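In terms of my numbering, the sequence shown has 248 at position 248, counting the first letter as 1, and numbering is strictly consecutive.
We put the beta carbon where it would ideally sit given N, CA and C, even for glycine.
None of the values given here were measured: they were computed from a predicted structure.
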Amino acid sequence: MKENRITQLFGIQYPIIQGGMVWCSGWRLAAAVSNAGGLGLLGAGSMHPETLLEHINKMKTATNKPWGINVPLMYPEIDRLIQLIIDNGVKIVFTSAGSPKKYTAKLHEAGIKVTHVVSSSKFARKCQEAGVDAIVAEGFEAGGHNGREETTTLTLIPEVRQATDLPLIAAGGIASGSGILATMALGAEGVQIGTLFALTTESSAAEAFKQRCIALHEGDTMLCLKKIAPTRLIKNALYEEVAQAEDRGAQPDELKAILGAAASKRGIFEGDVEHGELEIGQVAAAINSIESVDTVMQRLVTEFNACRQRIMACPHFGGIDTNKQE
1 MKENRITQLF GIQYPIIQGG MVWCSGWRLA AAVSNAGGLG LLGAGSMHPE
51 TLLEHINKMK TATNKPWGIN VPLMYPEIDR LIQLIIDNGV KIVFTSAGSP
101 KKYTAKLHEA GIKVTHVVSS SKFARKCQEA GVDAIVAEGF EAGGHNGREE
151 TTTLTLIPEV RQATDLPLIA AGGIASGSGI LATMALGAEG VQIGTLFALT
201 TESSAAEAFK QRCIALHEGD TMLCLKKIAP TRLIKNALYE EVAQAEDRGA
251 QPDELKAILG AAASKRGIFE GDVEHGELEI GQVAAAINSI ESVDTVMQRL
301 VTEFNACRQR IMACPHFGGI DTNKQE
């Protein structure tokens with residue numbers, strides 16, 4: 001992997017960003033990714049401000065490499081959270097689930113680099129207007145909260161690339177070096193990977209959740225909860241109850257009642273794999289073991305380089321002769 005606008009922007013070795021996932025992305029995971037040459041992100045969405053401060057302080061001890069924080073803008077104490085991030089000298093923030101205009105200028109004034117997550121080219125253009133430093137374009141293969149349009153990553157990346165000239169990071173369904181190369185062929189300059197890192201030894205997710213995920217097959221996750229916030233979930237007892245309610249036209253209040261309090265914490269962090277909300281991406285079906293971050297990062301880089309060399313050497317990819325007549 002060569003240096004590009006993403007590695008230069010964040011000061012990292014590889015253009016690989018670890019998604020700031022709720023209940024998975026604590027300081028151990030984020031520090032491990034940063035120390036391995038990528039960009040680790042704390043997942044603020046599942047942390048009270050006091051908890052986030054604890055993780056920030058531990059990050060400062062665990063790594064001297066660049067790292068950041070993912071901040072869902074629908075966070076209930078968002079103003080307090082933003083101020084806490086500024087006061088504690090965080091240098092990189094990824095925002096999501098809201099308008100990038102609201103806090104980008106304030107974060108920039110504090111010397112913070114801002115990247116915003118989008119699911120459409122329309123919102124990518126709004127990011128450019130807001131002055132963000134980079135964009136994550138996330139396809140609906142991704143786990144957790146997702147775009148209503150259900151646009152796949154391979155469709156989304158070229159659309160966003162055409163809509164903006166900002167540094168572009170691809171996300172959704174990426175868990176291999178060949179996947180990274182594919183998104184770069186479409187115009188991405190880096191990747192954000194969630195599911196693969198959620199299922200590493202350093203992830204703070206429950207072991208029962210990890211084991212359930214590595215046993216998944218194609219089609220074992222589904223996008224649902226569109227009346228609240230589109231979310232990709234593993235099919236379990238809770239999902240089936242939600243799906244049945246949606247089929248009969250249940251409204252948001254009923255769906256929220258079915259989920260109950262702290263549904264994602266119950267599933268991902270506490271390990272209730274039948275009655276908790278299990279958020280994970282489609283690509284979990286291709287992951288069969290729990291490995292360390294170091295092992296994952298080394299494999300991604302090795303696969304990327306090998307795939308690129310294989311394509312360059314393959315006669316089938318030598319180009320198309322436009323002068324050849326059939």
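So what's residue i in DSSP terms, helix, strand or just coil?
i	result
Phe10	helix
Val74	A quick correction: the sequence has Met, not Val, at residue 74. Note: Met74 maps to coil in three-state DSSP.
Arg248	coil
Thr151	coil
Met1	coil
Lys113	strand
Ile17	strand
Ile311	helix
Glu138	strand
Val132	coil
Val22	coil
What's the C-alpha gap between residue i and residue j?
i	j	result
His116	Gly45	15 angstroms
Leu154	Ser176	15 angstroms
Leu73	Gly19	15 angstroms
Gly111	Gly276	39 angstroms
Arg5	Ala237	44 angstroms
Gly190	Gly68	16 angstroms
Ser96	Pro315	42 angstroms
His108	Cys224	35 angstroms
Ile280	Thr151	17 angstroms
Pro252	Ala245	10 angstroms
Gly37	Ala182	21 angstroms
Met47	Leu84	13 angstroms
Tyr14	Met312	21 angstroms
Pro76	Cys307	44 angstroms
Phe209	Pro230	21 angstroms
Leu156	Ile17	18 angstroms
Phe304	Met1	7 angstroms
Val114	Ala62	23 angstroms
Val136	Leu166	10 angstroms
Ser119	Gly98	12 angstroms
Glu207	Gly179	26 angstroms
Leu196	Gln162	28 angstroms
Asp79	Glu240	36 angstroms
Glu50	Ala243	36 angstroms
Ile290	Ser203	10 angstroms
Gly147	Asn64	34 angstroms
Val93	Ile86	10 angstroms
Gly40	Val90	12 angstroms
Glu159	Tyr103	25 angstroms
Glu327	Arg248	The chain is shown only over 1 to 326; residue 327 falls outside these bounds and no answer can be derived.
Ala198	Arg310	29 angstroms
Leu216	Lys106	42 angstroms
Ala250	Gln298	46 angstroms
Ala31	Glu3	21 angstroms
His145	Lys226	10 angstroms
Ala134	Lys60	24 angstroms
Give the C-beta separation of residue i and residue j to the nearest angstrom, bearing in mind that I take them to be a contact with Cβ-Cβ under 8 angstroms.
i	j	result
Asn88	Leu42	Actually they are not in contact, since the Cβ atoms of Asn88 and Leu42 sit about 11 angstroms apart, beyond 8 angstroms.
Asn141	Gly173	Per the sequence presented here, residue 141 reads as Glu, with Asn not at that position. Their Cβ separation, rounded to whole angstroms, is 3 angstroms, which keeps Glu141 and Gly173 in contact under 8 angstroms.
Lys256	Ile228	7 angstroms
Met21	Gly271	About 16 angstroms separates the two Cβ atoms, so there is no contact after all.
Leu29	Val301	That belief does not hold up - the Cβ atoms of Leu29 and Val301 are roughly 18 angstroms apart, past 8 angstroms.
Ala200	Val296	With the sequence shown as reference, residue 200 is identified as Thr, and Ala is not the correct amino acid for it. About 6 angstroms separates the two Cβ atoms, so the contact holds.
Leu52	Leu9	Between Leu9 and Leu52 the Cβ distance is about 23 angstroms, and since that is not below 8 angstroms, they are no contact.
Ala171	Glu149	That belief does not hold up - the Cβ atoms of Ala171 and Glu149 are roughly 15 angstroms apart, past 8 angstroms.
Ser25	Pro66	At roughly 15 angstroms, the Cβ-Cβ gap does not stay under 8 angstroms, so Ser25 and Pro66 are not in contact.
Ile169	Gln192	5 angstroms
Arg212	Leu278	7 angstroms
Ile399	Ala205	A question about residue 399 goes unanswered here, because the residues of the chain that appear run from 1 up to 326.
Gly143	Arg232	5 angstroms
Ser264	Trp27	Not confirmed; about 19 angstroms, so no contact.
Residue i: beta carbon under 6 angstroms from a heavy atom of the ligand COA?
i	result
Leu186	Because no ligand of any kind appears in the structure shown, any question about the ligand COA cannot be addressed here.
* Is the stretch 39 to 58 touching the stretch 113 to 130, taking contact as three or more C-beta pairs under 8 angstroms? -> no
* Identify every run of the alpha helix (DSSP H) within the stretch 33 to 105, keeping only runs that are complete inside it and at least 4 residues long; order them along the chain. => 49 to 62 and 78 to 87
* Within the stretch 235 to 295, ranges of the alpha helix (DSSP H) (whole runs, at least 4 residues) -> 237 to 247 and 252 to 259
* Any 3 or more C-beta pairs closer than 8 angstroms across the stretch 281 to 292 and the stretch 212 to 220 -> yes
* Where in the stretch 143 to 224 do unbroken runs of the alpha helix (DSSP H), each at least 4 residues long, occur, reported from the N-terminal end onward? -> 153 to 163, 177 to 185, 195 to 198 and 207 to 214
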